[in-house]
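Working notes for the structure below.
In our numbering, the protein residues as written are 9 to 283.
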């Protein structure tokens, strides 16, 4: 089988006519995505407890729209909508496929966007951070006690860790049970007991802070092609590929059948509710 991508002025005759329909659908899709990704303001907290306003949108609205498009289509099968990507770059997409004798039509609808992490503007976040600071001070105090009491093994272990700061002290204690046991006695009375208690409390506080994290999202309200999507650019992508024997030629009967499938897709794009 050979293949051709419909739209964007590609092809001649039937391919061009079908491509015009795909170009129009791309505009409809971009318009829908543009409405749903229009930025709104959300209040968030930075790591230093500063409360600020950040623009965002709801990817769930786009997910719902894509799902409705898929559910409205007769004669098509759908994969998705699905979330993809990782780190700061995210992707939401649905793949659609339909067949007629001798041809396979595939459509790909996607948006690519970025995600940023903040805290919810809640007092508990500040309280957790302050307690973590007190625990860090306790860890440093344990290091000083190791040095003053002459415990050679503990002093060497914490001394090496201390060169990198409080985080390294915590890691040294976490990874070396013998060192933890030696230091536990030195931290008595500091922030809830020994070094083991300090580490457990720190772990609990970090987990609690994670529960207060919130993501904001942003994207560009432009159409991008598959190549730009693959390189991580932000925006909306819409493509329709046709595979079949004898391409680029398309028989009149095949053009009618393909056109009917594309009409159904265009209708679904227009009818699907935009949350």
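Cβ atoms here follow ideal geometry from the backbone N, Cα and C, with glycine treated the same way.
Limits of the unbroken alpha helix (DSSP H) element including residue i
| i | result |
| --- | --- |
| residue 266 | 260-279 |
| residue 25 | 22-44 |
| residue 223 | Here residue 223 belongs to no alpha helix (DSSP H); instead the beta strand (DSSP E) covers 221-226. |
Residue i to residue j span [Cα, whole Å]
| i | j | result |
| --- | --- | --- |
| residue 212 | residue 133 | 13 Å |
| residue 4 | residue 136 | Beyond the ends of the chain as shown, which are 9 and 283, falls residue 4; an answer cannot be given. |
| residue 76 | residue 56 | 42 Å |
| residue 252 | residue 90 | 27 Å |
| residue 101 | residue 266 | 22 Å |
| residue 70 | residue 282 | 8 Å |
| residue 218 | residue 255 | 54 Å |
| residue 107 | residue 241 | 31 Å |
| residue 117 | residue 275 | 15 Å |
| residue 159 | residue 139 | Note that residue 159 scores 49 on pLDDT, short of 50, meaning its location in the model is unreliable and no value can be drawn from it. |
| residue 280 | residue 206 | 54 Å |
| residue 15 | residue 129 | 47 Å |
| residue 257 | residue 111 | 12 Å |
| residue 34 | residue 40 | 10 Å |
| residue 121 | residue 109 | 37 Å |
| residue 44 | residue 148 | 50 Å |
| residue 25 | residue 58 | 56 Å |
| residue 264 | residue 79 | 23 Å |
| residue 216 | residue 11 | 52 Å |
| residue 23 | residue 13 | 9 Å |
Beta-carbon separation (whole angstroms), residue i vs residue j, contact threshold 8 Å
| i | j | result |
| --- | --- | --- |
| residue 224 | residue 50 | 6 Å |
| residue 226 | residue 36 | No, residue 226 and residue 36 are not in contact; Cβ-Cβ is about 23 Å, not under 8 Å. |
| residue 30 | residue 237 | That pair is no contact at about 16 Å. |
| residue 86 | residue 248 | With a Cβ gap of about 14 Å, residue 86 and residue 248 do not count as contacting. |
| residue 96 | residue 74 | Rounded, the Cβ-Cβ distance is 22 Å, inconsistent with contact. |
Contact under 9 Å by Cβ, residue i with residue j
| i | j | result |
| --- | --- | --- |
| residue 98 | residue 67 | yes |
| residue 81 | residue 244 | no |
| residue 214 | residue 126 | no |
| residue 143 | residue 210 | yes |
| residue 53 | residue 64 | no |
| residue 273 | residue 84 | yes |
| residue 42 | residue 229 | yes |
Residue i - containing beta strand (DSSP E), residue span
| i | result |
| --- | --- |
| residue 89 | 85-94 |
| residue 69 | Element bounds for residue 69: not the beta strand (DSSP E) but the alpha helix (DSSP H), 67-80. |
| residue 249 | 243-252 |
| residue 57 | Counting along the chain, residue 57 falls outside any beta strand (DSSP E), and DSSP gives it neither H nor E. |
| residue 255 | Element bounds for residue 255: n/a, residue is neither H nor E. |
| residue 110 | No beta strand (DSSP E) holds residue 110; DSSP gives it neither H nor E. |
| residue 13 | 10-14 |
Beta-bridge pairing of residue i - partner residues as DSSP gives them
| i | result |
| --- | --- |
| residue 239 | According to DSSP, which records beta bridges pairwise, residue 239 is partnered with nothing at all. |
| residue 63 | 49 |
| residue 123 | 225 |
| residue 285 | Outside the shown range of the chain (9 to 283) lies residue 285, about which nothing can therefore be said. |
| residue 231 | 244 |
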